[in-house]
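Numbering (the numbering used here), first residue to last: 1 to 452. Encoded as structure tokens, the structure appears first; notes follow it.
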Amino acid sequence: MIFDIVLKIYNRYYLCVHCLGRMFSLLGSYTTNQERGNSLLLSLTMENHKKFLSNNTEQQNIALSNLKILAEKANYVPAQEVLKNEGIEFSLLKSNQLCYLCQNIFSKINEYGEKAIQILDGIEFKNFLVGSSPDSQIINREDDLKAQLEILEAESFKSHFNREVGKFLSIKLNKPPEFSTPDVSLIYFFNYDSSDIKLKLKSLFVQGRYNKFIRGIPQTHWLCKNCMGKGCTLCDFSGKQYLTSVEELISPEFVAESKATDSKFHGAGREDIDVKMLGEGRPFVLELRNPKVRTLDLIKLESNVNKITKKKVKIRDLRFSNKREVIYMKSEASKTKKVYRALVVPEIRITKKIFEEKIKKLKLTFENKKINQRTPIRVSHRRADLVRKKIIHNIGGKYVNSNLFEFIIETQGGTYIKELINGDSGRTSPSFSEVFEVPLVCRELDVIEIIY
Ligand SMILES: [Zn+2]
Ligand SMILES: [Zn+2]
């Protein structure tokens, strides 16, 4: 049965041994397609050679015609030698005959591999993965041939190519393939005439905590609202809404050291531009994209960054991280507890006695209770208009003078503190203003602790 298919194939097309074996790849394990192809041709030759030597003329004729197919159309040397020894003439294929399916790409696996080795020069990686995207002509030829001859046990062009190039590279580079999260992915795009390799380098993730000691800088880089980054007179052609950000203060050193193309800053929640981030700092993960260097001296980087950003931003507790931790950190941000210090100004002066009464009422109203907080007007352009329930854990108050109070507020992550204090025209309820029966305004706000 298999032999019939092989003879039918060669009656119509010339295939290389790799592609011949590939058509039967699901049959027989722990071998290669090349070996499958060679052993099919050899067994077929031996079978027909035996028939040819028999005394049955009919059998001899069939054998002779099969041997000719093998010698002429499969260009198979052992069959050619049998015919030569028997003194039977046959014609030869032109010497540079190309495989109908792969156009001899599979005889040039080394060349494809060498090309990758050149591209990988100067890139640090522990493991890799080969992928490929052959063009539609390659795929269609293959599908047609399999359909015509009802071949069901073939391996695809792609998977043969990926594995064979992978084997070559693994030996040459002395590095293992990695199928789920490779440091390097090599994707070959090719047709019969040309090929191109696209390189994808796995992002490198560094986790740490940051403090922000000054007001007026956002966590991440903001595009100029007027030109959306193109550069205009309003932004002095910087393309930015703010001159700098926590992200821009921290990331350049990392990008330079890792030779990454760029980076993305992931914070565990964010503080407003005018809010300091004090205490132990806020967790963040810096994602370095397409890094050519993966082993970074984090201690040195930390001290370099802190030297440069002195008094504005400070980083600490650096360690390598991964994408999973970024997702976890984002999803857990609203479950963390945050402690804030707020300096608050009342619209009407209040005596210390009244203040002490109001603090008692404040504790009764808020502590370990939920508030309803509708998306504040000031952020409604970028966040969905929803009512969120947030827990307020603890409140402490200090009377500075009749016109200034300090509150220490421990809440669930994601609570809008300024609105908790001023009430946001009733969008946050209850609010400190409601309890005080006097409009209160938060003049200064700092995050002093984030508790995980
Ligand atoms: Zn081939
Ligand atoms: Zn602009």
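For each residue, glycine too, the CB sits at the ideal point set by N, CA and C.
- Just measuring C-alpha positions, the residue of Lys200, Phe190, Val206 and Glu164 sitting nearest Thr181 is Lys200.
- By the beta-carbon neighbour count (other beta carbons within 10 angstroms, threshold 16), Arg316 is exposed.
- Rounded to the nearest whole angstrom, the C-alpha separation of Asn140 and Tyr192 is 13 angstroms.
- From the listed residues Lys202, Tyr112 and Gln148, the smallest Cα separation to Leu169 is found for Tyr112.
- Exclusion of the five residues before and after Lys126 leaves Lys175 and Asp183 as the residues of its chain whose Cβ lies within less than 7 angstroms of its Cβ.
- The beta carbon of Leu64 sits no closer than 7 angstroms to any heavy atom of ligand 1.
- In the DSSP annotation of this structure, the continuous segment of the alpha helix (DSSP H) that includes Thr57 starts and ends at Thr57 to Lys68.
- A distance below 6 angstroms between beta-carbons, with the five flanking residues on each side excluded, links Thr365 to the following residues of its chain, in chain order: Pro430 and Val435.
- For Asn226, the shortest C-beta to heavy atom distance toward ligand 2 is below 7 angstroms.
- The three-state secondary structure of Met277, taken from DSSP, is strand.
- Any heavy atom of ligand 1 within less than 6 angstroms of a residue's beta carbon puts that residue on the list, which reads Leu15, Cys16, His18, Cys19, Cys99, Leu101, Cys102 and Phe106.
- Note that the C-beta distance between Ser251 and Ser263 is below 8 angstroms.
- The criterion of a C-beta distance shorter than 8 angstroms is satisfied by Val345 and Leu404.
- Cys442 sits in a strand when the DSSP states are folded into three classes.
- Gly37 and Ile187 have their C-alpha atoms spaced approximately 27 angstroms apart.
- The beta carbon of Gln34 lies closer than 7 angstroms to those of Val17, His18 and Gly21 in the same chain, with the five residues before and after it left out.
- Of the residues assessed, Ile299 falls on the exposed side of the cut-off, its CB having fewer than 16 other CB atoms within 10 angstroms.
- Residue environment analysis places Lys314 among the buried positions, since at least 16 neighbouring C-beta atoms fall within 10 angstroms of its C-beta.
- Remark: the C-beta of Cys442 is outside contact range of ligand 2, defined as less than 7 angstroms to any heavy atom.
- The bridge partners DSSP lists for Gln207 are Val285 and Arg319.
- Listed as beta-bridge partners of Arg374 by DSSP are Val387.
- Inter-residue distance for Phe265 and Lys389 is about 28 angstroms (C-alpha atoms, whole angstroms).
- Note: Glu449 is bridge-paired with Val339 in the DSSP secondary-structure output.
- In the structure shown, Pro177 adopts extended strand secondary structure according to DSSP, grouped into three states.
- Counting C-beta atoms within 10 angstroms of its own C-beta, Ala260 has 16 or more neighbours from the protein chains shown and is therefore classed as buried.
- Per DSSP, the unbroken beta strand (DSSP E) holding Pro134 starts and ends at Phe128 to Pro134.
- Taken from the Cβ of Leu234, at least one heavy atom of ligand 2 lies inside 7 angstroms.
- Distances between the C-beta of Gly396 and the heavy atoms of ligand 2 are all 7 angstroms or more.
- Proximity of the beta carbon of Gly113 to ligand 2 is not indicated: no heavy atom of the ligand is located closer than 7 angstroms.
- Cβ neighbours of Cys235 within its own chain (closer than 6 angstroms, five residues either side excluded): Cys224.
- Across the set Ser258, Gln148, Glu280 and Val326, the C-alpha of Glu280 shows the shortest separation from the C-alpha of Glu449.
- At a cut-off of 7 angstroms, the beta-carbon of Gly239 counts as near ligand 2: some heavy atom of the ligand is closer than that.
- Residue environment for Ser303: exposed (fewer than 16 other C-beta atoms within 10 angstroms of its C-beta).
- For Thr365, the enclosing alpha helix (DSSP H) begins and ends at Lys352 to Phe366.
- At a cut-off of 7 angstroms, the beta-carbon of Gly231 counts as near ligand 2: some heavy atom of the ligand is closer than that.
- Segment contact: the segment 272-292 against the segment 320-333, three or more CB-CB distances shorter than 8 angstroms; contact assigned.
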